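Colleague: Once you've had a glance at the structure underneath, I'll fire off some questions.
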Amino acid sequence: MVHPNYSGVACNNALDNRVADQDTHIVQLEEENLTLKERLFLMERELVDLRMMMQFIVRKDHVMGEVNEEVVENGSR
307 MVHPNYSGVA
317 CNNALDNRVA
327 DQDTHIVQLE
337 EENLTLKERL
347 FLMERELVDL
357 RMMMQFIVRK
367 DHVMGEVNEE
377 VVENGSR
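Adding 306 to a residue's 1-based position in the sequence shown gives its number in our numbering.
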């Protein structure tokens, strides 16, 4: 039995519409993927900057600690 709503033309139109919807969805996913890659890149740069600042702070605190130890040692003599 042939369903009256699915003649050859109707079936082709339904397939064309489905393919068009899938193409639109693919474009949306590609745009989202690009956006996420850009955000990840920016986050990675920010992480590098934060790491450098933390290393600077740790080095500064280490040097200040050594200076304070020398002051205490010289002061106790």
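Every residue gets a Cβ at the ideal spot worked out from N, C-alpha and C, and that includes glycine.
Since we're looking at a predicted model, the values are computed, not measured.
By Cβ distance below 7 Å, which residues in the same chain neighbour residue 317 in space, the five residues on each side in sequence not counted?
Modeller: Same-chain partners within the cutoff: there are none.
Colleague: Straight-line CA distance for residue 355 to residue 348?
Modeller: Roughly 11 Å between the two C-alpha positions.
Colleague: For residue 307, is the classification buried or exposed, using 16 other Cβ atoms within 10 angstroms of its Cβ as the cut-off for buried?
Modeller: Residue confidence for residue 307 is low, a pLDDT of 43 falling below 50, so the modelled location carries little weight; the figure read from the coordinates is stated next. When all chains shown are included, residue 307 counts as exposed.
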